[in-house]
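If you want my numbering, it's the 1-based position in the sequence shown plus 256. Every residue gets a Cβ at the ideal spot worked out from N, C-alpha and C, and that includes glycine. Every value quoted in this text rests on a predicted model; they were computed, and no experiment measured them.
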Amino acid sequence: MRAEAEEAIGFSVLGSIRVVRAGAELPLGARQQRLVLALLLARAGSPVSLTELVDLLWDDEAPASAANVVHRHVGALRRLLEPGLPTRSTGRYLPRELSGYRLHADEDSLDLLKFRSLSRLAGRSLRDGDPESALRHSLGGLRLWRGRCAAGLEPASRLHPAFLAVEAERAQAVREAADAAERCGRMSAVLVPLRQAAELHPLDESLQSRLLLALAADGRQAEAVETYRVVRHRLADELGIDPGEELREAYDRLLHQRTPAARTGSPAPFPRPAQLPPDLPFFTGRDDLVAEARALVARPGGPTVLAIDGMPGIGKTTLAVHLAHEFAAAYPDGQLYVDLRGYDGREPAMSPAEALRGFLGSLGVPQDGIPAELHAQAGLYRSSLAGRRLLIVLDNCRDAEQIRHLLPGSPGCLVIVTSRGRLSTLLTTAGAHPLPVGLPSIDEARAALLRPLGDGRVATDPDAVDAIIARCGRLPLALAVVAARAAGLPRTSPAQIAAELTEAPGSLDGFDGDDPQTGLRAVFSWSYQALSAPAARLFRLLPIHPGPDISVAGAAGLAGVALRTGRTLVGELSRAHLISEDRPGRYRTHDLLLAYAAELGEEHDSPAERAAAELRCLRFYRATSFQAHLRLLTSEYHPMIDPVPGEAPLRFADQGEAMRWFAAERPVLTALVGRAARQGRHTEAWQLALGMQQFFDRSGRWVEWTTTGEVALDAARAGGDLVGQARMHRSLAGAAYFRHEHEAALGHLDRAVELLTRLGLLGELIRANINRAMILGAQGRHEDVVRVVSAALGPARTVGDDKLLADALAVLGVSNAELGRADEAVRCAEQAMALSRGAQYKLGIAEAWEVFGRAHSARRELGMAVDCWREAAVAYQEASAPAPAAEVLALLGDALAAAGEQDAALRAWREALALIPYAQTRTGRRLADLLATVTSSP
């Protein structure tokens, strides 16, 4: 963990905000979190107060929880920057500063500080009479800009003083660059940044005057005159003023040809290459990516490199060629294209020197005039491109190093790169903009089949067409293979094609074209063969994992490697686009890639090796769920499930972290329960299910609790495990109780009590009696509750479990309140609160607040009841228990509605509904119906 924390991190705010660690761009979270980071970056190490951050996040009145929200965002950013950071540690990058925070960075890690350093050097050189050095430093600083400061966070990035101040620094740097360029006769060198700055500041006369001089020096007198005319009208229309002295002086110099002449002539003309492959005549879809690329290219100061990446067969080259044809007219000096063979099963990857020799020849350089040394070739190439506008497509690139020497050295050209690997290095070294290509939509996939199949075949059997799309997994290459076959068999119906593809589910049979080199197996193999041996082994094991996605820890457990090694292997697969990070920390593999991995596994790994991986996977999740279960336990007694010896699962700092792990891994865990049961691993099945009980309870997933528990109970029965049966009956009684199926709950509990008595598990019998009291209370039998709990209190005290005793007192307090015995309810709540606070039992504190609220409600003290229930809701959420928090908020809303406070009731109900999966809970369904009725009524 310490090594990870010390990895170099790069921050960018001169454009869209970015954070790059070890060459990989980090996901920065939701808009509010990115705004917090943006302001800290713009202040560049100066303190930012909590008040400033709150004002930035909320235009109107901030909520009462605003400060806590800011603290949470900062905490999330700290953990993002330093994944191994201990809980509550400030870390090295975002230390606390009096009443706020500041960013710890230097000019090597933050582009704004680097820009300022270069601007200072430029100013010093200009004062020392060295305009050449001043211009070099100025242009170096301006090249760091990729767009407006904190772009993408509008309107804040265009209105907040901190971001405007940084923009003002940029404008001043452009002015100083122009002054240095004029003194050394190189005004054309600053023409591009002057255009950008003048467009951003259309009323800035000092920038506009320098732009006139630069245009004139570049031989664009007519454009300079037109620019002056536009600026003069804009000043008159928007400010009601005439041009000032500086702008008039520049215009006068323009008219009298007193502008500085360029020191060197234009480059010699060279041939206009036109090397683009043909565009697909029936290109369809990708509208979002095409629109994004158009906007980027049209934007002043936009990126000069578009980096297209994606999994094998996703259509990267097709998109790149289509974009290149669309943009070609804007680059009149020609188009260069090269297939770099980065992933090719037939020929080795092209070297940079080979690619440069081809490009230089296309640009008119004779072969005997091309230097032998790579750096000299790159220098000649960039010199040939200087001052020209070419479009360059670098297709099928293996990594950033392969194309480093193929990128132009000055603005004016556009480069489109495609790669199966993620070219993160280009984002920082070349200001590239990523265009990751995902799967097309169903409509786009249908359109791709429309032309080869024909309107008639598609229209007659749309269900079969959808089945073909589903079997192809919407992968463009798979769709193209199937479409080509269908075009050659015009009498074959879509239903027949779909039937052929579904005959072998989970297989690649049916996706091999006429050319073996273009079939899915061949195309996938080129990426697989580029993997290291450990990453290739993990890829082959992925089909064994039962969930829809996998975490780094899950992958490490599956492969039987350390967490750090697992992270490295997952990173390698992700960069190769053999897996994709659909959600932060969760990686998914396309179905066809999984089928390919399964074929490889059967070919390369023995049945014993695959069985061992399956067992490792099960043991990892069982052991880790044990640790998460421990964090969520509401009492001190034995957790009823056993750890797995010899395992090294994840550990959890608090209940919230455990709940988040369960939420992310829920589909995996429930699938593993079923698989363990089917394989006869009966103990693993019921212990894994029981380990999820606290999560199901707190999150309100009571239907899943029931279905998973029933599978586990059957497994315990099949294994003749009486302990497992007793504990699963008691668990299922809890699920039925929360679903308000009280008779079913009592039936499970009766069977649990019978088995626990036979087994002599007296401590669990006490808890079962308290469970029975809860069910009786839900049935309205509160006198029976008082009798049962009062009888259980004595034995409960002998157990020495304060949390259990607090739970019992809370149950007793609720029934006393329902019976109108408010004083008794208060005494129960006070004792429960004291025990819970002494045991640092957050859930018990919340339950005690709820009992206080019920006691005050019984006394008709609505205001005090509301206050207590609000405390309970907050405490439940602090205990990572959203379901009971929702229940108490629903109770609060009902009380407010009964008192005529409709608006406050609506707020409470909406807050409750946001906390629970409403389709699974009676309260959720009631609130959804209630809110729908209230909001739809006039």
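Could you check whether residue j and residue i sit closer than 7 Å to each other, using their CB atoms as the reference points?
| i | j | result |
| --- | --- | --- |
| A1142 | L1099 | no |
| L1145 | A1121 | no |
| L856 | R796 | yes |
| M984 | A968 | yes |
| I206 | G912 | This structure leaves residue 206 out entirely; the chain is present only between 257 and 1194. |
| G590 | P534 | no |
| A1085 | A1104 | yes |
| A198 | R597 | Within the shown structure, residues of the chain are numbered from 257 to 1194, placing residue 198 beyond reach of any answer. |
| A703 | R730 | no |
| G500 | E455 | no |
| V422 | A298 | yes |
| A1111 | A1073 | yes |
| P802 | R934 | no |
| P568 | V779 | yes |
| L683 | E281 | yes |
| G947 | F882 | yes |
| S444 | D493 | no |
What does DSSP give as the partner residues of residue i in its beta bridges?
| i | result |
| --- | --- |
| R439 | In the DSSP output, where bridge partners are listed per residue, R439 has none listed. |
| Y593 | V649 |
| G936 | None; G936 has no bridge partner. |
| G356 | S305, E353 |
| H689 | L562 |
| I1172 | For I1172, which the question treats as bridged, DSSP gives no partner whatsoever. |
| T684 | In the DSSP output, where bridge partners are listed per residue, T684 has none listed. |
| L366 | F267 |
| E281 | V276 |
| A530 | Q591 |
In the DSSP assignment, find the beta strand (DSSP E) that holds residue i and state where it starts and stops.
| i | result |
| --- | --- |
| G1198 | Residue 1198 is absent from the model: the chain starts at 257 and stops at 1194. |
| E837 | 836-839 |
| L670 | 670-675 |
| V276 | 274-277 |
| Y843 | 842-844 |
Check for me: the alpha helix (DSSP H) holding residue i runs from which residue to which?
| i | result |
| --- | --- |
| Y637 | 630-641 |
| D386 | Per DSSP, D386 belongs to no alpha helix (DSSP H) and is neither H nor E. |
| H985 | 978-994 |
| F539 | Run containing F539: none; DSSP gives neither H nor E here. |
| Y1132 | 1118-1134 |
| M1030 | 1018-1034 |
| H329 | 322-337 |
| I1101 | 1098-1114 |
| F908 | Per DSSP, F908 belongs to no alpha helix (DSSP H) and is neither H nor E. |
| L1049 | 1038-1055 |
Within 10 angstroms of its Cβ, does residue i collect 16 or more other Cβ (buried), or is it exposed?
| i | result |
| --- | --- |
| P449 | buried |
| A274 | It should be noted that the sequence gives Arg, not Ala, for residue 274. With 16 or more other Cβ atoms within 10 Å, it is buried. |
| R383 | exposed |
| R550 | exposed |
| G1180 | buried |
| G687 | buried |
| V826 | buried |
| D1185 | exposed |
| G266 | buried |
| E858 | exposed |
| G385 | exposed |
| W314 | exposed |
| P1140 | buried |
| N652 | buried |
| E999 | exposed |
| T343 | exposed |
Practice item. Check whether the segment 613-625 touches the segment 681-693, counting contact only when three or more Cβ pairs, one atom from each stretch, lie closer than 8 Å. Key: no
* Pairing CB atoms from the segment 328-336 with CB atoms from the segment 386-399, are three or more of them under 8 Å? -> no
**Message:** For the segment 287-297 against the segment 404-414, do three or more pairs of beta-carbon atoms, one drawn from each stretch, fall closer than 8 Å, so that the two count as touching?
**Reply:** yes
Do the segment 666-685 and the segment 458-478 meet, that is, are 3 or more Cβ pairs less than 8 Å apart? no
Hey, is the segment 625-636 in contact with the segment 566-584, meaning 3+ C-beta pairs nearer than 8 Å?
no
Whether or not the segment 541-559 and the segment 633-652 are in contact is what I'm after, with contact meaning three or more pairs of Cβ atoms, one per stretch, closer than 8 Å; do they touch? no
Taking three-plus beta-carbon pairs below 8 Å as touching, is the segment 801-813 in contact with the segment 867-880?
yes
Notebook entry, point to check: Should the segment 416-430 be regarded as contacting the segment 468-482, the criterion being three or more beta carbon pairs within less than 8 Å?
Noted result: no
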